[in-house]
Amino acid sequence: MSSDHETASSPVRRNLLKWTALAAGAAGIGVASARAEQTGQPVQRELGGLRKGMFSFMLAHEQFSVPELLQLGALASRSGFQVLSTSDHFQPWQADEGHAGQAWITMAALGAQAHNSWMGTTVTCPTLRYSPAVVAEAFSTLSHLYPGRVFLGVGSGEALNEQAAIGEWPKWQERWDRLIEAMTIIRQLWSGQDVAFKGKYYMVNAKLYDPPARPIPLLAAANGKKSMRLAGQHADGLISDPLTWKQHKSEWEDGARTAGKNPTEMPVLIEHYAVVGDQTQAKQAAQLWRFGPKAFKTLYDVPSPVSIQQQAEQQTPIEDVTKAWAVGTDPAVHIAAVRELFDSGVSIVNIHSGQPEQRKVIEFYATHVLPKFRQPV
């Protein structure tokens, strides 16, 4: 990684600080905090609307059609889920999942029905099949439709989306270098100022004429030791899985502190698989998510959903998929799993159920789980 992304005095860092200062003022964080950002001094950040103790419901574009997801998202919002997370894929992970609707269109339609919930991607890759400038424009537009309710989750991508769509699939280091440049571009464009950016991979000379109505939290996905540190350094928050969080939480924290941020005040969204049913139903659900244990070890390099499905079925016993899931109809099982995540420092628990009866899961959590964690308004 180049020193441009490492030092507080670099052009990239100065532009990042400039955007953060503008965003801080707009969010009401305070003049003193904004001034501290401009000078490169540590500042206490606030989670803002993405506060601790929130529940998210995962809208899986791989498994369900967009019309179905609109109905599920509206129900989840009415039922008390404060966040609606959407996958953003060009193809599903496995061919048998059967769907891959466009996530931004889903959010644009859903926001009018889900009046009380945040919405965001987990995650968008803003470097290959999407241009970072277009991502900045799209999410800024969403923020005008739904001010203060939109976040952007970004990641370094998967071959099934990027290579399959445009024929490019760089090595890990280049993908993350591109991602860091993309986050810088997005933040600069969101400032509403003229942008003249020339990096190793991108050149942008433009201005976003409709900058965000309110600051948009920019979260980064990480599923390994190196990426956890980089996400802490360069993003406003984290998107990850329970095992990576448990193993490499310290890398995330150290990366954030290196950049002068307080990790305890940054949103952490963790995807948590849950099945409201017995083990037979869990195994049925797991067939569509069998790639999970090896998703970010080997399968992210495979461009074909058919090949991913075949490899997952051959290499991963179904028990390995479900062993970390919360399974059962006893609320205590689900409450305990969620409480463990919150107690570990997670801000937002993203409930993801692979079972076909999504309404059953939403209603179960709304009745038996969410009330146990409800915070006074």
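Numbering (this note's numbering), first residue to last: 150 to 526. All residues carry an ideal CB built from backbone N, CA and C; glycine is no exception.
#1: Can you check the region 481 to 510 for any beta strand (DSSP E) of at least 3 residues that lies completely inside it and give the ranges in chain order?
#2: Leaving out the 5 sequence neighbours to the left and right, which residues in its chain are closer than 8 angstroms to glutamine 212 when beta-carbon positions are compared?
#3: Where do the ends of the alpha helix (DSSP H) carrying serine 376 lie?
#4: Who are the near neighbours of methionine 256 in its chain, counting only those whose CB is closer than 7 angstroms to its CB and skipping five residues on each side?
#5: Between Ser453, Ala434, Ile497, which lies nearest to proline 505 when the distance is taken from Cα to Cα?
#6: Smallest Cα separation from leucine 581: which of Gly477, Glu307, Val510?
#7: Ends of the beta strand (DSSP E) at isoleucine 365?
#8: Closer than 6 angstroms by C-beta to serine 95: which residues in its own chain qualify, once you throw out the five before and the five after it? Chain order, please.
#9: Can you tell which of Lys320, Ser399, Lys374, Lys410 has its C-alpha closest to the C-alpha of glutamine 382?
#10: Is the distance from the Cβ of proline 296 to the Cβ of isoleucine 335 below 8 angstroms?
#11: Please name the residue, chosen from Leu367, Pro364, Ser340, Ile365, that lies closest to lysine 356 on a Cα-to-Cα basis.
#12: With respect to the alpha helix (DSSP H) encompassing threonine 429, which residues constitute its N-terminal and C-terminal limits?
#13: Cβ of glutamate 400 within 8 angstroms of Cβ of arginine 378?
#14: Do threonine 273 and leucine 301 count as a contact pair if the criterion is CB distance below 8 angstroms?
#15: Round the Cβ separation of glutamine 459 and lysine 443 to the nearest angstrom and send it over; I've been treating them as touching at under 8 angstroms.
#16: Are alanine 475 and alanine 423 closer than 8 angstroms when you measure CB to CB?
#17: Going by DSSP, what residue range makes up the beta strand (DSSP E) through serine 236?
#18: Give the C-beta separation of methionine 203 and isoleucine 500 to the nearest angstrom, bearing in mind that I take them to be a contact with Cβ-Cβ under 8 angstroms.
#19: Using a 10 Å radius around the Cβ and a threshold of 16 neighbouring Cβ atoms, would you call tyrosine 449 buried or exposed?
#20: Does the Cβ of leucine 219 have 16 or more other Cβ atoms within 10 Å, making it buried, or fewer, making it exposed?
#21: Among Ser228, Asn310, Ser289, whose alpha-carbon lies nearest the alpha-carbon of asparagine 265?
#22: Using C-beta distances below 6 angstroms, list every residue in its chain close to tryptophan 394, excluding the 5 sequence neighbours before and after it, in chain order.
#23: Between the alpha carbons of histidine 483 and arginine 439, how many angstroms are there, rounded?
#24: Looking only at C-alpha atoms, which of Pro364, Asp343, Lys398, Asp359 sits nearest to alanine 370?
Once the coordinates are examined:
#1: 497 to 501
#2: Pro241, Glu246, Gly247, His248, Leu437, Gly503
#3: 374 to 383
#4: Thr235, Met268, Leu291
#5: Ala434
#6: It is not possible to answer for residue 581, since the shown part of the chain is limited to 150 through 526.
#7: From DSSP, isoleucine 365 is part of no beta strand (DSSP E); its letter is neither H nor E.
#8: Absent from the model: residue 95. The displayed extent of the chain is 150 to 526, so no value can be given.
#9: Lys410
#10: no
#11: Ser340
#12: 428 to 435
#13: yes
#14: yes
#15: Rounded, the Cβ-Cβ distance is 12 angstroms, inconsistent with contact.
#16: yes
#17: That residue, serine 236, is in no beta strand (DSSP E); it is neither H nor E in DSSP.
#18: Not confirmed; about 11 angstroms, so no contact.
#19: buried
#20: buried
#21: Ser228
#22: Ile419
#23: 21 angstroms
#24: Lys398
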